[in-house]
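Down below is the structure, laid out as structure tokens.
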Amino acid sequence: MKNNNIFEKIIKKTIPSDIVYQDEILTAFKDIKPIAPTHILIIPNIFISCANEINKENCYILGHMFYISTIVAKKEKIDQDGYRIIINCNKNGGQEINYLHMHLLGGKKLGKMC
Ligand code: 5GP
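Per the working numbering, residue 7 is the first one in the sequence shown, and the count goes up by one each step.
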């Protein structure tokens with residue numbers, strides 16, 4: 007799994023990226039290799055490595071990530087036709103970047119889950 011440096015740099019804006027939304031809790035930006043017409047990654051501003059690290063103290067961040075994903079879906083005009091939200095975890099889940107992230111996918115009819 008690749009390390010988290012890239013996503014930390016995107017949050018701090020020390021490397022260029024296409025940020026579509028940012029607040030004090032999270033950052034949402036376009037995936038560099040989109041697999042759908044709309045492919046946005048939503049990440050917490052504090053480092054959480056993967057879904058296994060969600061706990062009682064930080065789980066409010068996940069609620070905010072889900073809420074903002076719906077705001078971004080509306081902004082990207084994919085809300086009416088629909089979209090998919092995915093969080094990959096570790097090897098079998100297909101997680102490549104060691105930094106918790108939510109995929110927001112839409113803009114076309116998506117295929118089966120796996
Ligand atoms: P995973 O497979 O870990 O769930 O997804 C990682 C995602 O991060 C992939 O869709 C990949 O294209 C995206 N990604 C990897 N490096 C970068 C980067 O430097 N910038 C952006 N915007 N996305 C990246």
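Note that beta-carbon positions come from the ideal geometry of N, C-alpha and C, so glycine has one too.
Could you pull out every residue in the same chain whose Cβ sits closer than 7 Å to the Cβ of residue i, ignoring the five residues on either side in sequence?
i     : result
Ile84 : Thr44, Gly112, Gly113
Thr33 : Ile16, Ile17, Ile25, Ile49, Asn51
Asn96 : Cys56
Ile74 : Tyr27, Leu32, Ala34, Ile48
Report whether the distance from the Cβ of residue i to the nearest heavy atom of the ligand 5GP is below 7 Å.
i      : result
Ile84  : no
Glu14  : no
Glu102 : yes
Phe35  : yes
Ser55  : no
Lys97  : no
Ser23  : yes
Leu47  : yes
Asn51  : no
Lys39  : yes
Asn61  : no
Asn9   : no
Are the beta-carbon atoms of residue i and residue j separated by less than 8 Å?
i     : j      : result
Asn9  : Asn104 : yes
Ile91 : Leu110 : yes
Cys56 : Leu106 : yes
Ile60 : Ile31  : no
Met71 : Met108 : yes
Met7  : Glu82  : no
Going along the chain, which residues of its own chain have a beta-carbon closer than 8 Å to the beta-carbon of residue i, five neighbours each way excluded?
i     : result
Val78 : Val26, Tyr27, Ala34, Ile46, Ile48, Leu110
Asn58 : Cys95, Asn96
Round the Cβ separation of residue i and residue j to the nearest angstrom and send it over; I've been treating them as touching at under 8 Å.
i      : j     : result
Gly100 : Asn94 : 5 Å
Over what stretch of residues does the beta strand (DSSP E) that includes residue i continue unbroken?
i     : result
Ala34 : 32-36
Tyr66 : Element bounds for Tyr66: not the beta strand (DSSP E) but the alpha helix (DSSP H), 65-81.
Check whether chain C comes within 8 Å of residue i, counting only Cβ atoms and requiring the distance to be less than that.
i     : result
Lys80 : Within the model displayed, chain C is absent; a lone protein chain is all it includes.
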